[in-house]
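J.: Numbering (our numbering), first residue to last: 3 to 133. Note that CB positions come from ideal geometry on N, CA and C, so glycine has one too. The structure under discussion is supplied below as structure tokens; questions concerning it will follow.
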């Protein structure tokens, strides 16, 4: 019986013929494909990467990260720099903080935000170069 989410065995069988793969059963080929998938990237790393990509998929969050690369800032500084209202800045900061890209540092009554890991900024810079 075909498992949900897997290609049908007849489809894989036809594929083996098209790719001219001989001496391998459909089951062996299916097993090899599943093993290949396991070795590509660990599930936890893939989930973490997806969260980071989601976090940097918004232009405002990229700008916030680039500003924080220059110096740590509080919400009011980011509001002024980006000409945005406090709720929107706070929303983006929360998103970035939950993913672990920035961290909050409290100094008295003030909360300043800073980059948690500079490696992410290097990746963002490369993405900007490619854009």
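Assuming residue 101 and residue 54 make a contact with CB atoms under 8 Å, what is their CB distance in whole Å?
T.: 6 Å
J.: Roughly how many whole angstroms lie between the Cα atoms of residue 66 and residue 32?
T.: 45 Å
J.: May I ask you to list the residues that DSSP assigns as paired with residue 75?
T.: 115
J.: Thinking C-alpha only, which one of 64, 74, 16 is nearest residue 117?
T.: 74
J.: Return the residue from the list 99, 77, 88, 49 that minimises the CA-CA distance to residue 111.
T.: 77
J.: Alpha carbon to alpha carbon, how far is residue 98 from residue 18? Give it in angstroms, no decimals.
T.: Cα-Cα distance, rounded: 45 Å.
J.: Apart from the five residues just before and just after residue 84, which ones in its own chain have a Cβ nearer than 8 Å to its Cβ?
T.: Correct list, in chain order: 62, 65, 66, 69, 91.
J.: Do you know how far the Cα of residue 22 is from the Cα of residue 2?
T.: As shown, the chain starts at 3 and ends at 133. That puts residue 2 outside it, with no answer to give.
J.: With DSSP run on the structure shown, which of helix, strand or coil describes residue 36?
T.: Three-state result, residue 36: helix.
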